[in-house]
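Using this note's numbering, the first residue of the sequence shown is number 42, and each one after it goes up by one. Idealized CB from N, CA, C, for every residue including glycine. All values derive from a computational prediction rather than experimental measurement. A short write-up of the structure that comes next.
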Amino acid sequence: MSESFDAIVVGAGPAGNAAAYTLAQAGLAVLQIERGEAPGAKNVQGAILYADALERLIPDFREEAPLERHIIEQRMWVMDDESHIGTHFRSNDFSRPPHNRYTIIRAKFDKWFSKKVQEAGALVICETTVTGLLRDGAGKVIGVQTDRGDGAVYAEVVVIADGVNSLLARKAGFRAELAPKDVALAVKEIHFMPKEAVESRFNIRAGQGVVIEMMGKITQGMMGTGFLYTNTDSISIGVGVMLSDLMAQRLTPWELLEQTKAHPSVQPLLEGGEMKEYAAHLIPEGGFHAIPRVFGDGWVIAGDSGMFVNAVHREGSNLAMTTGRMAAETIIDLARAGLPMTAEHLAAYRRRLDDCFVIKDMKKYKDLPDIFHANNQFFTTYPELVNGAARTMLTVDGVDKRSKEKEIFACFRERRSLFGLLGDAFKLWRAFR
Ligand SMILES: Cc1cc2nc3c(=O)[nH]c(=O)nc-3n(C[C@H](O)[C@H](O)[C@H](O)COP(=O)(O)OP(=O)(O)OC[C@H]3O[C@@H](n4cnc5c(N)ncnc54)[C@H](O)[C@@H]3O)c2cc1C
């Protein structure tokens, strides 16, 4: 290989596919390079697909994309060791097309997405690893080096979409080394069972799905959450916690997942299922402050490699697709205007991101990672207190309700002073404001 392209896209996850698709649709000569034997082979996700981000690329995707179930109900569980207390939102609006969210299996979905990229005209090469960026004398990126013999390929611009580890961006000095406090390590399993079992367990009809997000004692005081998603004939279950917490506590994520699966609220939902797939993967959860510079002379960064994940709302793939699309739209504008792919011109990409939900949402929660990291009472004390309060009030045992209230207040006072409570309320306000 020593050809030249308008753009090279590294990686065939949601970010790389969105970028390559948009560029190829506009008629640019695009080469996309993926190290897996097929797109999706290396990718791990829960997985919830947010329709909006894909619809902006492929408006009729629902007619052919491999979708599992559309989500009609979202539960949020706060758990202690024996119970959970939570919210539960179910709406008939979510049953009516066009549906807003779907469960997907990434291995199938990424293959379909890649087919669309190829149909749009991009050249997609798999089983090829990009080992570095090529630069000219002035430092401008002019192409990539791959692990194939004669593996240099040249382009006007390189879209770096190689995921959370982003060896390329780190090696080139475009991004700092991954700090354990900025990434979560997540593990997930898929448990297969007849689709009728999925539907009866969650009170849903054919095609409908349920999401359960979990927090509390399941992460043993570490900053993190668990999830359970319904697929057509399987259930995905996973848990993710900050890598720095795991290192400090010397626990493995598999231990956490086993404990989550054994929780009395979770275990009956998985009963009888056959576990066929498991995987572990990092998630960039450092938030707004962890976002690196996303453009330079001849390069842009999109998706997880740019640390674009909104951990509060469990959104990652949509940020990946949106950043990939916006990187591509910036490149297309410059190409059409005959402007060179310099940092000065590619800065328009960052301005696009600033103006859309990606940066606005990440900025909104900019303080949250630090606050939750430093205050593990939100994952231990409060889940225990609120579950204990519910247990006390709902147990009918001849004790009058006023006495029960006093008992609950005494429990709260014992575990958290009034100043502590007020301080925590202020921290929550700061984290979510
Ligand atoms: C357990 C888990 C659950 C999640 N659940 C959800 C969810 O429900 N909803 C959601 O929206 N997000 C979720 N996410 C986040 C979501 O998966 C990511 O945000 C999304 O995959 C990022 O897309 P990406 O294209 O940037 O990176 P990736 O999907 O990681 O794709 C990067 C691609 O680049 C390739 N690559 C890497 N290095 C090279 C190289 N040197 N040369 C060539 N190719 C290379 C990789 O093989 C890979 O295919 C979850 C993540 C995890 C781990």
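Taking only heavy atoms of ligand 1 into account, decide whether any of them is closer than 7 Å to the Cβ of residue 229.
yes
Does the Cβ of residue 450 have 16 or more other Cβ atoms within 10 Å, making it buried, or fewer, making it exposed?
exposed
Does the distance from the C-beta atom of residue 368 to that of residue 200 stay below 8 Å?
yes
Considering residue 308, what are the terminal residues of the alpha helix (DSSP H) in which it resides?
308 to 311
Are the CB atoms of residue 284 and residue 221 within a distance shorter than 8 Å?
yes
Closest to residue 186 by C-alpha separation, out of 179, 194, 457, would be which residue?
194
Check each candidate in 235, 466, 172, 219 and name the one with the smallest Cα separation from residue 209.
172
What are the uninterrupted segments assigned as beta strand (DSSP E) that are 3 or more residues long and contained completely in the stretch 141 to 208, given in chain order?
Segments of the beta strand (DSSP E) lying fully in the stretch 141 to 208: 142 to 144, 164 to 166, 171 to 176, 182 to 187, 193 to 201.
Less than 7 Å between C-beta atoms, sequence neighbours within five positions excluded: which residues of the same chain meet that for residue 131?
113, 114
Go ahead and pull the three-state DSSP assignment for residue 351.
strand
Evaluate residue 435 with the Cβ neighbour count: other Cβ atoms within 10 Å of its Cβ, from every protein chain shown; 16 or more gives buried, anything less gives exposed.
exposed
Secondary structure at residue 252, three-state DSSP: helix, strand or coil?
strand
Going by the C-beta, is residue 202 closer than 7 Å to any heavy atom of ligand 1?
yes
Would you list the residues sitting across from residue 340 in a DSSP beta bridge?
199, 337
According to DSSP, simplified to helix, strand and coil, what is residue 97?
coil
Hey, is residue 88 close to ligand 1, as in C-beta under 7 Å from one of its heavy atoms?
yes
Please give me, in chain order, every unbroken run of the beta strand (DSSP E) with length at least 3 that falls completely inside the stretch 389 to 454.
none
Tell whether a beta-carbon distance below 8 Å holds between residue 225 and residue 265.
Result yes, Cβ atoms of residue 225 and residue 265 sit closer than 8 Å.
Considering only residues of the stretch 212 to 264, which uninterrupted alpha helix (DSSP H) runs meet the minimum length of 4 residues and lie entirely inside it, listed in chain order?
236 to 243
If I measure Cβ to Cβ from residue 322 and keep anything under 7 Å in the same chain, skipping five residues before and after, which residues do I get?
85, 227
Quick check on residue 125: does DSSP put it in helix, strand or coil?
Strand at residue 125.
Check the DSSP bridge columns for residue 115 and list the partner residues they point to.
130, 252
Straight-line CA distance for residue 397 to residue 55?
18 Å
For residue 118, I'd like the list of residues in its chain whose CB is within less than 8 Å of its CB, leaving aside the five on either flank, ordered along the chain.
125, 126, 127, 253, 254, 255, 256, 257, 306
Under 8 Å: do the stretch 451 to 460 and the stretch 421 to 436 share three or more Cβ pairs, one atom per stretch?
yes
Name the residue from 423, 91, 232 whose alpha carbon lies nearest to the alpha carbon of residue 315.
232
Measuring straight from C-alpha to C-alpha, what distance separates residue 259 and residue 289?
Roughly 17 Å between the two C-alpha positions.
Check whether the Cβ of residue 294 lies closer than 7 Å to any heavy atom of ligand 1, and answer yes or no.
Outside the cutoff, so no.
Give the range of the alpha helix (DSSP H) segment to which residue 296 is assigned.
294 to 303
Compute every distance between the C-beta of residue 111 and the non-hydrogen atoms of ligand 1, then say whether any falls below 7 Å.
no
For residue 321, which three-state DSSP category applies?
strand
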